[in-house]
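-14 is the number of the first residue of the sequence shown in the working numbering; add one for each residue after it. What follows is a short report on a single structure.
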Amino acid sequence: NSNLVIAGPIITNEQYSYAVAHGDPGGFLAKINSALTAMKADGTFQRILDKWLS
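Printed below as a string of structure tokens:
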């Protein structure tokens, strides 16, 4: 959309997190951590940061 402009650089260093059930009965935390590790290793994580949070 040509009517949209970038307002300026991001001025926050917010951290994001995920909540899992106490005791994590489904092993969801391990799955999240595994996915994030893979995304960091193949560059996907950085590309997402660059596109949406830079």
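Don't be surprised by glycine CBs; every beta carbon is placed ideally from N, CA and C.
| Asked | Found |
| --- | --- |
| DSSP-derived helix/strand/coil call for Q31 | helix |
| Presumed contact (8 Å Cβ cut-off) between L38 and F30, rounded CB distance | Not quite, the Cβ-Cβ distance comes to about 11 Å (not below 8 Å), so this is no contact. |
| Nearest-angstrom beta carbon gap, Y3 and I17 [assumed within contact, 8 Å] | 6 Å |
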